[in-house]
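Student:
2 protein chains.
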Amino acid sequence: MANSRSVRVVNFSPAELDERKRLILRAIVEEHVATGQPVGSRLLARVVALGLSPATVRNEMADLEESGYLESPHHSAGRIPSQLGYRFYVDHLMQPAQVPFDLLEVIRESLELKTRTVEAVMQQTAHLLGRLTNYMTVVAGPTAGASVLRRIDILPVDDRRAVLVAVTGGGAVHDWAIDLSTPLSDEELRYISEVLTRLLGGRALADVGRTVLQGLEDALAPYRDLLHVVLELLHDQGQAPGEPHLYQGGVANLLAHQEFHDPRLAMDVLWAVEQSPELRQELGQAGEPLVRIRIGTENVVDALSHCSMISVSYTVNGEWAGRLAIIGPTRMDYAHAVPVLQAVAEHLAGWFGRI
Amino acid sequence: MANSRSVRVVNFSPAELDERKRLILRAIVEEHVATGQPVGSRLLARVVALGLSPATVRNEMADLEESGYLESPHHSAGRIPSQLGYRFYVDHLMQPAQVPFDLLEVIRESLELKTRTVEAVMQQTAHLLGRLTNYMTVVAGPTAGASVLRRIDILPVDDRRAVLVAVTGGGAVHDWAIDLSTPLSDEELRYISEVLTRLLGGRALADVGRTVLQGLEDALAPYRDLLHVVLELLHDQGQAPGEPHLYQGGVANLLAHQEFHDPRLAMDVLWAVEQSPELRQELGQAGEPLVRIRIGTENVVDALSHCSMISVSYTVNGEWAGRLAIIGPTRMDYAHAVPVLQAVAEHLAGWFGRI
DNA sequence: TTTTAGCACTCCCACCTGCCGAGTGCTAAC
DNA sequence: GTTAGCACTCGGCAGGTGGGAGTGCTAAAA
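Listed in order, the protein sequences are those of chains A and B.
Its first residue numbered 35, the first sequence is counted upward by one per residue in the numbering used here.
Its first residue numbered 35, the second sequence is counted upward by one per residue in the numbering used here.
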């Protein structure tokens, strides 16, 4: 038994893994990410330029396994990183790669100014990320509730129907169909639009308070029926900030990874991405970490317990707007994916800024 | 050799397959669709209530194979329908199933009036179809170019930017960001919007002719710069009618079918659905058959040569608007899928009508 | 002439077997 | 603390086998 070693190792706090162990763990993660195969001691001794023999490396690997950073798929098959191993790698060992210039070029070209609709640019972003990272991509569009409003207009469709159109500071347009219980003239609608814009413009729906609503009710008293519908609608948008439209890209990439050759696993993931409200919330709700890495069971959804998800926030006019995410196996190339995501998020913000 | 038989059979024109052969072909298709297994003569003799012995059925099957309606995966494995077999089945043998009442109920509930945005209702439709048919679904949203316009407004975002908003007869809202090279006042923008609405309202962009454009140029001469941008934009929309936004649903369903357990096949399909301009066109371009069934290599895209795609048109206010499609293996339950698609298309039209 | 029973034949598939290579843990020597 | 040596374990693969399903053909029956 490796008691003399293991006892010591267990006392380590994770962040204090000894330099050599860190080196070895990092090499194992990167080798495994690159090849998909379990990593054996011989190969590792060759890769880690420390002049160590396989036997020594084996001892270190045994320690790392005992501390929970590695696991063996079966006896004598080499080691693979455990979820904890990936976590330690991501937190302490990973060195984010630099995004090569030609990739930046692709991003720039792809998010050109000639794209003129938010829908198109979000879809394009999803596809772009899919191509650049080789992982499946989910992108949350900006929500009406979280955005600063510039205008609110009610535009007639016919005498029974109209659309409520909200233009945000980023130039995104949100619209909702509303019924006109009593027909209103163009002038009346324009007047209502003006009042709505005057009182709601410059703030986000999520921040609209009682007093503003009261002001609206007073100013638009003659149009109580319509106002009721409109306010309820806007209120819903303000209260449910976590319901963005999700754009998918590179779905096929999911299947490219050996981990998802079992169709059942892949199906679970795809269902979750399509349906799960938790995931939608996770991507649509303003929240702290600019870059969030969830590994395996850290994910909010069970179906993703074999996946990692990296998401980064993007902004519109400096305000939080949504998250871009990629989903892949836990054996993910974190060091490359993170900077690519960040670069795309930046360019997307740029697109909104100079829309 | 079965010469005496085969010579005669070859002379049949497809539509004139003898009654018994039709019965057998139909049984084979339906049995194979249900089980996924090749169909053998013994089973078939039991299923087709003709009191025929397996040996007789074998002879008929040999004829059908020779005429190209069946094929054998390998010697002594039973028969499966060929692409031609499915085609004949779809054209002459299939009896569309009736949509059960509770399914209709699900459709009704799902496409309720409380859904207020076109984006949401299209996405919902895609998901719904995915659930109801167990096939992957692609849905083309209505395009700006093909829709009858009700209003065109230019709404300011800030003094350098604005959005062009087009409201269609179905209540769909399309928007594009535009730069204001010279700042314009709200009044000016409103005036421009009025002129645009007056001259373009009531017709589809695709139908706008030279004279109307000339009229615009005259009426809005002072705003040449802006008008140039706007007209180019509207012109593009009118000229490129086949570029709808595609909504996917039930992607996981693709993997549920044994035919796509090979991840490479599934990947090809997913890439095609995401990227192929041909497919986008196929679904976004007004075109004849209300129900279109493409089997195997009949598909416009190579990647779908192992798939069948059923698409149906839907309308908005009676005008052609887009297609709903499902994609699955050629071994598809055509008889059930077609009526479900039709029912959903009808309800979708209903949603737009009473939006 | 059409239908049927019988039969030999073909092919796939699931199972078993033994072998090989990769990689481990342990021990004893350095 | 490090290393070489060695016995051991396990998965994967090639090759062989038996069983089952289904066919085509032939000759007899209807």
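Don't be surprised by glycine CBs; every beta carbon is placed ideally from N, CA and C.
What residue does the alpha helix (DSSP H) around residue 363(A) start on, and which one ends it?
Tutor: Here residue 363(A) belongs to no alpha helix (DSSP H); instead the beta strand (DSSP E) covers 353-363.
Student: Could you please tell me which residues of the stretch 208-219 of chain A, in chain order, have their CB closer than 7 Å to any CB of chain B?
Tutor: Answer in chain order: 209, 210 and 211.
Student: If we require 4 or more residues per run, which alpha helix (DSSP H) segments fall completely within the stretch 233-266 of chain A?
Tutor: Complete alpha helix (DSSP H) runs here, min 4: 244-253.
Student: Taking one C-beta from the stretch 348-357 of chain B and one from the stretch 329-339 of chain B each time, how about it: are there three or more such pairs within less than 8 Å?
Tutor: The answer is no - the stretch 329-339 of chain B does not touch the stretch 348-357 of chain B, with fewer than three Cβ pairs under 8 Å.
Student: Here's the rule I'm using: 16 or more other beta-carbon atoms within 10 Å means buried, otherwise exposed. How should residue 135(B) be labelled?
Tutor: So residue 135(B) counts as exposed.
Student: Along the chain, which unbroken stretches of the alpha helix (DSSP H) at least 4 residues long are found entirely within the stretch 298-377 of chain B?
Tutor: Complete alpha helix (DSSP H) runs here, min 4: 311-318.
Student: I'd like to confirm the pairing. Which residues does DSSP put opposite residue 158(B) in its beta bridges?
Tutor: Per DSSP, none; premise fails for residue 158(B).
Student: Between residue 282(B) and chain A, is there a C-beta pair that is closer than 8 Å?
Tutor: By this cut-off, residue 282(B) is an interface position.
Student: Taking residue 319(A) as the reference, give the member of 255(A), 175(A), 150(A) and 378(A) with the closest Cα.
Tutor: With distances taken between Cα atoms, residue 319(A) lies closest to 175(A).
Student: When you compare the CB positions of residue 180(A) and residue 171(A), do they come within less than 8 Å of one another, or not?
Tutor: It is not a contact, given that the beta carbons lie outside the stated cut-off.
Student: Return the Cβ separation of residue 290(B) and residue 301(A) in integer angstroms, given the expectation that the two are a contact with Cβ distance under 8 Å.
Tutor: Confirmed, Cβ separation roughly 6 Å.
Student: Could you have a look at residue 88(A) and say whether DSSP puts it in helix, strand or coil?
Tutor: Looking at residue 88(A) - three-state DSSP - the assignment turns out to be helix.
Student: Find out if the Cβ-Cβ distance for the pair residue 61(B), residue 370(B) is shorter than 8 Å.
Tutor: No, these two residues do not count as a Cβ contact at 8 Å.
Student: Give me, in chain order, the residues of the same chain whose beta-carbon lies closer than 6 Å to that of residue 263(A); leave out the 5 immediate sequence neighbours on both sides.
Tutor: 212, listed in sequence order.
Student: Could you spell out where the alpha helix (DSSP H) holding residue 66(A) opens and where it closes?
Tutor: From DSSP, the alpha helix (DSSP H) with residue 66(A) extends over 53-69.
Student: Is the shortest distance between the beta-carbon of residue 42(B) and the beta-carbons of chain A less than 8 Å?
Tutor: Unreliable positioning characterises residue 42(B) in this predicted model, as indicated by a pLDDT of 34, which lies under 50. A coordinate reading is not provided.
Student: Residue 356(B) and residue 163(B): beta carbons closer than 8 Å?
Tutor: Taking 8 Å as the Cβ cut-off, residue 356(B) and residue 163(B) do not qualify as a contacting pair.
Student: Just to confirm the assignment, what range does the alpha helix (DSSP H) spanning residue 285(A) have?
Tutor: Counting along the chain, the alpha helix (DSSP H) containing residue 285(A) begins and ends at 285-290.
Student: Chain A partners of residue 290(B), CB-CB under 8 Å?
Tutor: Those within 8 Å of residue 290(B) in chain A are 297 and 301.
Student: Along the stretch 248-276 of chain A, what residues have a CB closer than 8 Å to any CB found in chain B?
Tutor: Correct list: 267.
Student: For residue 105(B), which beta-bridge partners are listed by DSSP?
Tutor: 114(B).
Student: Please check if any C-beta of chain A sits within less than 8 Å of the C-beta of residue 286(B).
Tutor: Residue 286(B) counts as touching chain A.
Student: Look at residue 94(A) and residue 113(A) and say whether their C-beta atoms are less than 8 Å apart.
Tutor: Contact: no.
Student: Tell me, please, whether the CB atom of residue 354(A) is closer than 8 Å to any CB atom in chain B?
Tutor: So, not an interface residue.
Student: Taking only beta carbons into account, state which residues of the stretch 172-184 of chain B come closer than 7 Å to chain A, listed in chain order.
Tutor: Listed by position along the chain: 184.
Student: Does residue 125(B) come within less than 8 Å of chain A when only Cβ atoms are used?
Tutor: So, not an interface residue.
Student: Give the DSSP bridge partners of residue 194(B), in chain order.
Tutor: Paired residues: none, contrary to the question.
Student: Apart from the five residues on each side of it in sequence, which residues of its chain come closer than 8 Å, Cβ to Cβ, to residue 203(B)?
Tutor: These residues qualify, in order along the chain: 181, 182, 183, 184, 350, 351 and 353.
Student: Can you tell me whether residue 171(A) is helix, strand or coil according to DSSP?
Tutor: Of the three classes helix, strand and coil, the one that applies to residue 171(A) here is strand, per DSSP.
Student: Along the alpha helix (DSSP H) that carries residue 136(A), what are the first and last residues, could you check?
Tutor: Segment 135-144, the alpha helix (DSSP H) holding residue 136(A).
Student: Quick one, which of 68(A), 189(A), 365(A) and 206(A) has its alpha-carbon nearest residue 228(B)'s?
Tutor: When only C-alpha atoms are compared, the closest one is 189(A).
Student: Give the single residue among 363(A), 329(A) and 158(A) whose Cα lies nearest to the Cα of residue 124(A).
Tutor: For the residues 363(A), 329(A) and 158(A), the minimum Cα distance to residue 124(A) belongs to 329(A).
Student: When you compare the CB of residue 205(B) with every CB in chain A, is at least one pair closer than 8 Å?
Tutor: Yes - at least one Cβ of chain A is within 8 Å of the one on residue 205(B).
Student: Can you name, in chain order, every residue of its own chain whose Cβ lies under 6 Å from the Cβ of residue 326(A), other than the five neighbours on each side?
Tutor: These residues qualify, in order along the chain: 345.
Student: Of all Cβ atoms in chain A, is any one closer than 8 Å to the Cβ of residue 153(B)?
Tutor: Yes, residue 153(B) lies at the interface with chain A (some Cβ there is under 8 Å from its Cβ).
Student: Going straight from the alpha carbon of residue 358(B) to that of residue 149(A), what length do you get?
Tutor: So the alpha carbons of these two residues sit roughly 26 Å apart.
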